[in-house]
Structure formats: C-alpha cells, structure tokens
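full-length UniProt numbering numbers the first residue of the sequence shown as 1 and each following residue consecutively.
The structure under discussion appears below in the form of structure tokens.
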Amino acid sequence: MTANELRTKYIEFFKSKNHVEISGKSLIPENDPSVLFTTAGMHPLVPYLMGEPHPAGKRLTDYQKCVRTGDIDEVGDASHLTCFEMLGNWSLGDYFKKESIGFSYEFLTSKEWLGLDPELLSVTVFAGDENAPRDDESASYWMEVGMPKDRIAYLPASDNWWAAGPTGPCGPDTEIFYWVGEGKPGAGSNKATDSANWMEIWNNVFMEYNRIDEKTLVKLPKQNVDTGMGLERTTTILEGKTSVYLTEIFQPIIKGIEALSGYTYGTDEGKDKSVRIITDHIRSAVFILGDPKGVVPSNVGAGYVLRRLIRRAVRHGKKLGIEQAFLPGLAQIVIENFKGPYPELEENKEKVFSELQAEEKKFSDTLRKGEAEFEKLLPNLMKNPQKVIPGRVAFRLYDTFGFPIELTEELAAEQGFTVDREGFKEAEKKHQELSRTQSAGAFKGGLAEQSEITTKYHTATHLLHRALKNVLGDHVAQKGSNITAERMRFDFSHPAPMTKEEIQKVEDIVNEQIKRDLPVTMEIMDLEEAKKSGATALFGEKYESKVKVYTIGDFSKEVCGGPHVEHTGVIGTFKIQKEQSSSAGVRRIRAVIS
Ligand code: SER
Numbered sequence: 001m002t003a004n005e006l007r008t009k010y011i012e013f014f015k016s017k018n019h020v021e022i023s024g025k026s027l028i029p030e031n032d033p034s035v036l037f038t039t040a041g042m043h044p045l046v047p048y049l050m051g052e053p054h055p056a057g058k059r060l061t062d063y064q065k066c067v068r069t070g071d072i073d074e075v076g077d078a079s080h081l082t083c084f085e086m087l088g089n090w091s092l093g094d095y096f097k098k099e100s101i102g103f104s105y106e107f108l109t110s111k112e113w114l115g116l117d118p119e120l121l122s123v124t125v126f127a128g129d130e131n132a133p134r135d136d137e138s139a140s141y142w143m144e145v146g147m148p149k150d151r152i153a154y155l156p157a158s159d160n161w162w163a164a165g166p167t168g169p170c171g172p173d174t175e176i177f178y179w180v181g182e183g184k185p186g187a188g189s190n191k192a193t194d195s196a197n198w199m200e201i202w203n204n205v206f207m208e209y210n211r212i213d214e215k216t217l218v219k220l221p222k223q224n225v226d227t228g229m230g231l232e233r234t235t236t237i238l239e240g241k242t243s244v245y246l247t248e249i250f251q252p253i254i255k256g257i258e259a260l261s262g263y264t265y266g267t268d269e270g271k272d273k274s275v276r277i278i279t280d281h282i283r284s285a286v287f288i289l290g291d292p293k294g295v296v297p298s299n300v301g302a303g304y305v306l307r308r309l310i311r312r313a314v315r316h317g318k319k320l321g322i323e324q325a326f327l328p329g330l331a332q333i334v335i336e337n338f339k340g341p342y343p344e345l346e347e348n349k350e351k352v353f354s355e356l357q358a359e360e361k362k363f364s365d366t367l368r369k370g371e372a373e374f375e376k377l378l379p380n381l382m383k384n385p386q387k388v389i390p391g392r393v394a395f396r397l398y399d400t401f402g403f404p405i406e407l408t409e410e411l412a413a414e415q416g417f418t419v420d421r422e423g424f425k426e427a428e429k430k431h432q433e434l435s436r437t438q439s440a441g442a443f444k445g446g447l448a449e450q451s452e453i454t455t456k457y458h459t460a461t462h463l464l465h466r467a468l469k470n471v472l473g474d475h476v477a478q479k480g481s482n483i484t485a486e487r488m489r490f491d492f493s494h495p496a497p498m499t500k501e502e503i504q505k506v507e508d509i510v511n512e513q514i515k516r517d518l519p520v521t522m523e524i525m526d527l528e529e530a531k532k533s534g535a536t537a538l539f540g541e542k543y544e545s546k547v548k549v550y551t552i553g554d555f556s557k558e559v560c561g562g563p564h565v566e567h568t569g570v571i572g573t574f575k576i577q578k579e580q581s582s583s584a585g586v587r588r589i590r591a592v593i594s
C-alpha cells in the first residue's frame, strides 16, 4: 500500500465513523511564539481541545504536515525525519478511551482496512503517578478487542504522557507498536521487555487535563481524544521495508540523488547517510518554503532552521561528489510527488526554486572558503591532544565565512574533534562588544541594529566611501554615517558640490562592485598593523588596540565593527538620491538600495 493510499484510507475510515475531514494547516503555527513549526497534528487544534467549539463538529479527522527539528543532527540514520505527516482523528468531548481504542484496532487489523496481523501488534498504557491514576481502563479496552495481556506494557509519564508544550492540554496516552524484529514476537514480548523490536506507529492521547504551570494540573471541561499516526512509519511496515527511506515516499528523491552523483544507494554506509540527509532535508526545505506563510532562509528562528537544512543538504551533496547546483532539481521531484495532497507546493514552486537556488549559491561559495580554511587549520588542531576546537576558531569560521557552528561541529566530528561551544559563545559576546564600541562615535545611530537590510547598507557605505575617494580624490574622509532600514546618509569632507557627472560616476562604480559580487572578509588585527596594511581608519574615531578589518574583494579595506554582508551581490541596486552641503567643507549623500 502506498502512502497516498494509506492517507486516503485513513480519512475514509474515520469518515465512515462520522468524523468530518478538516484540512491540515500551515507549518508555521499561528499565534504561538513558543514553537517555530507545527510539530504535531494536534497543534492547530489546541484552542478546541481547550474547549472552544470547532465549526466542523466534535469528531474530526485530517492529515497534517509537521516539522520537528530538535534532533536535526540525528537525521541520517535509517528512521529519523525532520518533516513528516501525521494522520489524526479527534474527539472534542465526544467519544473517549473505549471507542478510540476500538477504532484504532479495527482500522489496523480489519481486512477491509489495513489488515495487519494482530500478532504483530503491542501497546503501552500509562503506569500512573501523582498526576493521574494507572490506566487500567485503557488496558481493559485493549483486552476487549483482542490484545493479549502480555502485549500490554505499563510505562511511566516519560513514555506515556503527552503534552505539546510546558503548558496546555495534555494527558495519558496509549501507544501502538508494530513488530520489526526477526520472525514473530515470543510470549511476553512487548515495549517494556523488548523495546528495540517494536516500532511506534500510532499514539492515542486522552486529553482531559490542562497544565497551567509546573505545579498546577487541572481537568479540562471535556474529555478529548487526540491521535496521531505516523504516515511514513506506517507506510514502511505496510510495504514490508526496514527503513522509511526504502519506501516509495522517498525513493524518487533517492533516485534523483543517484542520478546526480552516480552513487548507488545501499553500497556504502557513509554515503548512504549523506543520501538520507539530502533526501530528508530537501523535502523539509520544500515543505517550509512552499508553505503559504512563507519563511525564507535567514539567521533567526524558523529561517535559521531552514538555512541549516539547506546548507547541510548542500554539504552532503558535495560529499557525494555533486559539483553542480542540485537543490532546485530535487525540489522539482519533491513537488511532483507531494503536490496531490499538498497543492500549495505547486502554487509556490517559483519561490521554492529561487530561494533554494540563491541559498545554495551563497552557501557553496561560503563552503569553498570555509572548508579550505578548516583544512588549513587542521595540522595545528591535530596537535591538540584534547581534540577540542577552540571556540574562537569556530567563531572565526562563522563570522568570516558564514560557517554555521553546527557544520563546524560536524566537520570536527569527522576528525574525531569536538567544538568548545562555551568558548564560541564567549567569542561571540566579545565580538558584539567590539562592534558596539566601534559603532559609537562617528557611527552613532543605526549600526547597533543588525537587520539584513541595515547590514546591506553598512557594506554599501564602505563601497561608497571608496568610490568617492576614487572619483574625488584621497582627501575624501568619512565624517559620519547614519543608517536606517529605509536609507543611508553619508557625510564626507569635500570642498565643493559634486557635479552630476561625478555623482553618476560614483553611483556606477558602487553598482559595478555589487555586480562583481565581491567577497567580504574580516580579520582581527592590531590597530597599527591594520593601518599599515592600508586599511582606512576613521579620523577622530576611538579604537581599541585590536580592531576588525573588513576587506571587500580588491576594492576596499576599512577598520570597522561590522556586521557586513558576506558578498556584495546581495546588496541590490544602489542609487544616490541627493547630494547637499552638511556643514562647512562637509558634503552629505543620501542613498538607497533596492
Ligand atoms: N499529539 C500526539 C502526538 O503527536 C498524538 O497526535 O504524538
């Protein structure tokens, strides 16, 4: 049975039990700042579990795309996924344990539905604690439908209590497992006695509590049921496979990777891992980018998770020897395969392709530089008997090459090293302090803000400064700069108004440097050394003895606190709007980028 068939059957089954199908929701949760993504099918239903009446009634069913990235580094083994689908059925104060268990058992074992062998199923129920009693009730309903007593394990809250977050609706659950061991399970085999051989496929939560805070648990006005069946896992067992990646859900993507890399999946464990990482991450990235709520790669929140997924996929592509840009091609396969149940992927495909393309390019450049840098560092690092990469080294890779700390950790792990995270944080803090000090004085206003657009303006300031010197002469010196998200202002010494031609020339030079997509790099130096190296330092500015020097390709070199973009191509188009007098001998330019 394919995943599409399973999805359809599930919904059909619950409709036949008087449930109304509702549509799954966005991957980006509404009104919930506590999580970055929708992590479970029940997530969008929280208000209704809390007592709000649902317009579609009290019995609901749906399929929901989910993203869980807490264990992103685990992805690569045969079972972990960052993006998955959950099939769900809900009772909002309607049926409770008995019917819920009855429905699940019927759907799983009836020949009319999945027809699984009952001998290959086992369950767990809540063992009880100070919050709620041992769930003998659920156990008795399981036995009523035919589950042998020795296939029922009682487990504590760490296994059998479900909550979406630290507060909110929660309750004991009963989980359903399928046998993945050799042959048939022996007498007494269940999740408690034989954990590794049982794979969870479905979780029925009896949500009758609301956690108000750490100490307070109250009963909800109604007894609800929230169930979630893992579509990928259940498809795996229905197709008789040993790994989700071997199902028809992922095989088209894996075939795509095979075609790109010339590598055949299943012949080398290390490379298989890379294939699985790319497969999982490209699917997640397409689902996130294809969501109507629209997250794009960035350095914060959900955008940062997306960036990590894309970048990790690119790196593993390189490990497999894929030289060309490959993510948009794989995204096409993902969209083709999932646009049936998720038409939004097709609707947003242009955005998916262009964002992937841009991020892949950006990161490939970064990677080339960063990996070369890492290689250079290796001989020295190898001398370190503790096998720990100092935090400041990891921070330099991050700050200069845009190398995410997680990737440094992964590269390090390949060499048997760990990264000093604490040291990294310290280096980051120092960097921020340095930036703050340097952004005082002439840079008053604007530069403490580090949004993407102000960062672009900041780099454009350096380009403008150099271009003015080139066109008007070396007497030009920066007298002040002020940046907002809307525009930049730049004050400089020059005795006369600029001519139209000079303004045009300066503008053209800046745009030319943007088009050349010059890399922006940073080095920390002694102030004297920086001046000697030809870096422009601002007259009258107070500097610490160690300063940061930003170099833009072969064009500009300035002492500056940063931050800056990684390469000039991202700045956009530069336009001078106004040139006027600021004070005696000082001119002021107002410019925008778009
Ligand atoms: N909320 C439960 C889970 O995510 C069941 O849907 O496992």
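Quick reminder that beta carbons are idealized off the backbone N, C-alpha and C, glycines included.
The structure presented is a predicted model; accordingly, all values stated were derived computationally and were not measured.
Tell me, please, which residues DSSP counts as bridged to residue i.
i, result
"Thr-174", "Asn-204"
"Ser-556", "Ile-552"
"Gln-580", "Arg-588"
"Trp-142", "DSSP lists no partner for Trp-142."
"Ser-389", "The question names Ser, but residue 389 in the sequence shown is Ile. BP columns for Ile-389 point to Val-419."
"Ser-481", "Phe-490"
"Leu-121", "Tyr-178"
"Leu-210", "Correcting the residue type first, residue 210 is Asn in the shown sequence and not Leu. Paired residues: Pro-169 and Val-218."
For ligand 1, I want to know if residue i counts as a neighbour, meaning its beta carbon is within less than 7 Å of at least one of the ligand's heavy atoms.
i, result
"Gly-224", "Looking at the sequence shown, residue 224 is not Gly but Asn. No, ligand 1 has no heavy atom inside 7 Å of this Cβ."
"Ala-40", "yes"
"Trp-162", "yes"
"Met-86", "yes"
"Asn-203", "yes"
"Gly-228", "yes"
Decide if residue i is buried, meaning its Cβ has at least 16 other Cβ atoms within 10 Å, or exposed.
i, result
"Ser-91", "buried"
"Pro-221", "exposed"
"Val-300", "exposed"
"Gly-441", "Summary for Gly-441: the model assigns pLDDT 28, below 50, so the residue's position carries little reliability, and this model does not support an answer."
"Gln-450", "Per-residue confidence for Gln-450 stands at a pLDDT of 47, beneath the threshold of 50, marking its modelled position as unreliable; no derived number is given."
"Val-75", "buried"
"Gln-513", "buried"
"Lys-444", "At Lys-444, the pLDDT of 29 sits below 50, so the modelled position is not reliable and the matter cannot be decided from this model."
"Glu-208", "buried"
"Ser-439", "Because the pLDDT at Ser-439 is just 34, under 50, the model does not fix this residue reliably, and the value given afterwards should be weighed accordingly. With 16 or more other Cβ atoms within 10 Å, it is buried."
"Leu-447", "Caution is warranted here: a pLDDT of 29 is assigned to Leu-447, below 50, making its placement in the model unreliable, and no coordinate value can be reported."
"Asp-62", "buried"
"His-475", "exposed"
"Pro-169", "buried"
"Arg-368", "exposed"
"Ala-530", "buried"
Within 8 Å of any Cβ in chain C, is that where the Cβ of residue i sits?
i, result
"Pro-148", "Protein chain content of the structure displayed is limited to a single chain, and chain C is not contained in it."
Would you mind reading off the limits of the beta strand (DSSP E) that contains residue i?
i, result
"Asn-89", "83–92"
"Lys-65", "59–67"
"Gln-324", "Segment: none, Gln-324 is in no beta strand (DSSP E) and carries neither H nor E."
"Arg-487", "Looking at the DSSP string, Arg-487 is not in any beta strand (DSSP E), and its letter there is neither H nor E."
"Pro-221", "217–230"
"Glu-523", "520–526"
"Leu-155", "152–155"
"Ala-163", "161–163"
Specify, as a first and last residue, the run of the alpha helix (DSSP H) that residue i falls within.
i, result
"Tyr-10", "3–16"
"Phe-287", "269–289"
"Asn-470", "452–472"
"Ala-358", "349–382"
"Ala-192", "Neither: Ala-192 is in no alpha helix (DSSP H) and is coded neither H nor E."
"Ile-509", "500–515"
"Ala-40", "Element bounds for Ala-40: n/a, residue is neither H nor E."
"Ala-313", "301–319"
"Pro-252", "251–261"
"Phe-103", "97–109"
"Leu-407", "405–414"
Legend entry - the segment 79–89 touching the segment 229–238, judged by at least three CB pairs closer than 8 Å: yes
Inset, instruction - Say whether the segment 128–144 touches the segment 152–170, bearing in mind that this needs 3 or more beta-carbon pairs closer than 8 Å, one atom from each stretch. - result: yes
Inset, instruction - Specify whether the segment 262–275 and the segment 48–68 touch according to this definition: at least 3 beta carbon pairs, one from each stretch, less than 8 Å apart. - result: no
Legend entry - Segment contact flag, the segment 377–384 with the segment 346–354, C-beta cutoff 8 Å, min 3 pairs: no
Legend entry - Given 8 Å, three or more beta-carbon pairs between the segment 188–197 and the segment 126–133: no
Legend entry - Touch test, the segment 586–593 against the segment 546–559, Cβ-Cβ under 8 Å, three pairs minimum: no
Inset, instruction - Specify whether the segment 501–510 and the segment 566–582 touch according to this definition: at least 3 beta carbon pairs, one from each stretch, less than 8 Å apart. - result: yes
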